[in-house]
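Going line by line, the protein sequences match chains S and P. Per the working numbering, the very first residue in the first sequence carries number 139; after that it's consecutive. Per the working numbering, the very first residue in the second sequence carries number 139; after that it's consecutive. Just so it is clear, CB atoms sit at the ideal spot from N, CA and C, and this is done for glycine as well. Just so we're clear, the structure is a prediction, and the values are computed from it rather than from any experiment. Here the structure is laid out as structure tokens; the discussion comes afterwards.
2 protein chains.
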Amino acid sequence: MKSKRQKTRQPSRRPSSTSAAYVSAIDQISAPIPYARNEVIFSQGEPADYLYKIESGCVRAFYPLDKGSRQVLAFYLAGDIFGLGAHDRHTISSEATTPSLIRVIRRKVLMGYGGDVAMSRHLLQLTAAELRRARDHNLRLLKGAQDRVIGFLREMVQRGQTQDEIELLMSRRDIADYLGLTIETVSRTFSRLEAAAAISLPSPWRIVLRDPSALN
Amino acid sequence: MKSKRQKTRQPSRRPSSTSAAYVSAIDQISAPIPYARNEVIFSQGEPADYLYKIESGCVRAFYPLDKGSRQVLAFYLAGDIFGLGAHDRHTISSEATTPSLIRVIRRKVLMGYGGDVAMSRHLLQLTAAELRRARDHNLRLLKGAQDRVIGFLREMVQRGQTQDEIELLMSRRDIADYLGLTIETVSRTFSRLEAAAAISLPSPWRIVLRDPSALN
DNA sequence: CGTCACATTGAACCTCTTCAAGCGCCGTGG
DNA sequence: CCACGGCGCTTGAAGAGGTTCAATGTGACG
Chain S
139 MKSKRQKTRQ PSRRPSSTSA AYVSAIDQIS APIPYARNEV IFSQGEPADY LYKIESGCVR
199 AFYPLDKGSR QVLAFYLAGD IFGLGAHDRH TISSEATTPS LIRVIRRKVL MGYGGDVAMS
259 RHLLQLTAAE LRRARDHNLR LLKGAQDRVI GFLREMVQRG QTQDEIELLM SRRDIADYLG
319 LTIETVSRTF SRLEAAAAIS LPSPWRIVLR DPSALN
Chain P
139 MKSKRQKTRQ PSRRPSSTSA AYVSAIDQIS APIPYARNEV IFSQGEPADY LYKIESGCVR
199 AFYPLDKGSR QVLAFYLAGD IFGLGAHDRH TISSEATTPS LIRVIRRKVL MGYGGDVAMS
259 RHLLQLTAAE LRRARDHNLR LLKGAQDRVI GFLREMVQRG QTQDEIELLM SRRDIADYLG
319 LTIETVSRTF SRLEAAAAIS LPSPWRIVLR DPSALN
């Protein structure tokens with residue numbers, strides 16, 4: 139079903155050690171596929187044959203827990219690559235939190251058939267970056283509810299495009315499952331931050347940073 | 139300084155996808171160095187030129203927080219390799235929790251000068267394994283105190299050699315900083331598990347699993 | 001216009017933290 | 001050799017913070 143993509147390969151570019159060439163290579167050997175809200179991208183236990191790059195939208199990576207609850211490990215936004223960290227089969231699941239465009243790339247195509255050195259290193263760097271983000275998130279889970287929410291907002295600001303406004307592409311449940319809180323606590327904390335004039339919420343999915351310094 | 143080791147290569151084994159060849163290579167190009175209790179192995183911000191493999195003992199990897207407190211991200215035991223996940227400089231610190239023997243290996247030696255494909259992949263697998271453990275730990279931090287402690291015990295059993303007995307190579311403070319609890323809560327939880335006949339504590343650093351099924 | 005999913009707000013409960021004291025081990029020094 | 005002092009572990013009681021249960025509010029869509 140996806141055989142014709144295979145032949146679209148890099149003609150004359152030699153593999154440099156920078157990441158730029160590979161990022162563009164990913165763009166060239168794949169087409170964006172639309173995913174609906176809450177649509178499954180891959181599930182725990184499935185063969186990890188593909189990598190994914192987000193064109194637009196947002197994805198949650200999570201462990202499914204018993205009876206519908208889940209622990210969200212990470213959010214991926216436009217430009218992010220995910221699906222790493224699996225040897226053979228995926229150990230986590232992932233779904234779109236909002237309608238998204240996502241590029242799907244076969245691992246084997248990326249690696250070349252024999253295994254390309256520079257691409258290996260690139261994947262290693264990406265995985266190492268994931269590791270650092272997972273560790274940072276560990277830190278966040280130790281603090282109180284307010285600090286977790288603030289940390290989340292700062293992460294969104296840092297990774298988003300805008301400086302003083304955040305477009306939340308995920309639900310309160312997603313945020314709560316990410317921060318290890320209940321949706322009630324998340325909502326209450328938002329309200330408290332608004333009362334403290336640190337932020338304002340024109341709508342539940344739009345957050346304006348009124349006093350960015352108050353988030354420290 | 140490392141020229142003569144290079145020729146010590148596996149004679150007739152072709153670079154298979156298993157790790158065995160590289161693990162033994164690590165053992166051959168390094169000698170164990172003794173570290174004292176609480177001795178610093180590397181600190182946040184230092185150049186990440188080396189990898190480390192534990193011969194015996196235990197190491198804590200952690201983020202230093204303000205005023206002496208710290209978040210322990212992982213423990214490394216005999217056989218484990220650590221120092222991964224850094225591009226250029228270490229983002230975490232690490233210290234021995236107990237007198238330990240640790241092999242120190244230059245990254246560049248491992249990688250060969252041009253970059254060895256299979257070794258790249260091996261490091262990628264190790265980093266991916268670290269990522270999975272960091273994510274598992276994330277999960278653990280969401281549960282209640284008793285589940286965190288039980289999860290810790292199960293991890294120690296799984297990674298240790300013995301089946302029904304655990305030799306704790308780290309202090310209560312290390313455990314508490316790892317689980318995001320206070321030392322009081324850790325101690326209380328141990329006592330409660332002992333009262334419930336799930337474990338027994340002949341000494342503070344020795345735990346006997348009396349009822350392994352009770353840890354589920 | 002009604003329904004449904006999601007977000008917000010309130011009050012009681014529960015768990016973990018905090019503060020404080022007591023215990024046991026081991027090394028040092030008289 | 002014994003006494004002392006320090007460090008780490010244990011245990012107890014009060015307090016804070018988050019969860020739980022419950023009700024209300026609000027926007028999207030048929």
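S181 of chain S has a beta carbon lying at 9 Å or more from every beta carbon in chain P.
For the region 222–242 of chain S, the set of residues with a beta-carbon nearer than 9 Å to any beta-carbon of chain P comprises L222, G223, A224, H225, T229 and I230, in chain order. For the region 261–290 of chain S, the beta-carbon criterion of a distance under 7 Å to any beta-carbon of chain P is satisfied by L261, L262, Q263, T265, A266, E268, L269, R270, A272, R273, H275, N276, L277, L279 and L280. Taken in chain order, the unbroken stretches of alpha helix (DSSP H) that lie wholly in the region 281–313 of chain S and span 4 residues or more are 283–297. Contact note: L211 of chain P reaches chain S through R273 and N276, using a C-beta cutoff of 7 Å and chain order. Taken atom to atom, the span from the alpha-carbon of N176 of chain P to that of M257 of chain S is near 38 Å. The beta carbon of A186 of chain S sits closer than 8 Å to those of F180, G221, A224, H225, D226, R227, H228 and R245, all from its chain and outside the five residues before and after it, given in chain order.
For K246 of chain S, the enclosing alpha helix (DSSP H) starts and ends at R245 to M249.
Note on geometry: alpha-carbon atoms of Y173 of chain P and L239 of chain P lie some 6 Å from one another. At a cut-off of 9 Å between C-beta atoms, Y214 of chain S does not count as an interface residue with respect to chain P. Note that the C-beta distance between L269 of chain P and L262 of chain S is not below 9 Å.
Spatial neighbours of T265 of chain S in its own chain (CB-CB distance under 7 Å, excluding positions within 5 residues in sequence) are listed in chain order as L222 and G223.
I230 of chain S sits in coil when the DSSP states are folded into three classes, being neither helix nor strand. L203 of chain S has its alpha-carbon roughly 15 Å from the corresponding atom of G289 of chain P. Here T323 of chain S is near A283 of chain S, since their CB atoms are less than 9 Å apart. Remark: C-beta atoms of V346 of chain P and E303 of chain P approach each other more closely than 9 Å.
Comparing C-alpha distances from A212 of chain S to each of P:D274, P:P342, P:Y188 and P:L319 shows the shortest one belongs to P:D274. Within the same chain, and ignoring the five residues on either side of L307 of chain S in sequence, the residues whose Cβ sits closer than 7 Å to its Cβ are G195, C196, T235 and T236. In this structure, Y201 of chain P and L277 of chain S form a Cβ contact; the two beta carbons are roughly 6 Å apart against a cut-off of 8 Å.
Exposed is the label assigned to G183 of chain S, since fewer than 16 other Cβ atoms lie within 10 Å of its Cβ.
Beta-bridge partners of I192 of chain S (DSSP): S:I240. A direct Cα-to-Cα measurement between K205 of chain S and I164 of chain S gives close to 37 Å.
For I345 of chain S, the pairing in a beta bridge is given by DSSP as S:I304. When DSSP reads this structure, F328 of chain S sits in no beta bridge, so it has no partner.
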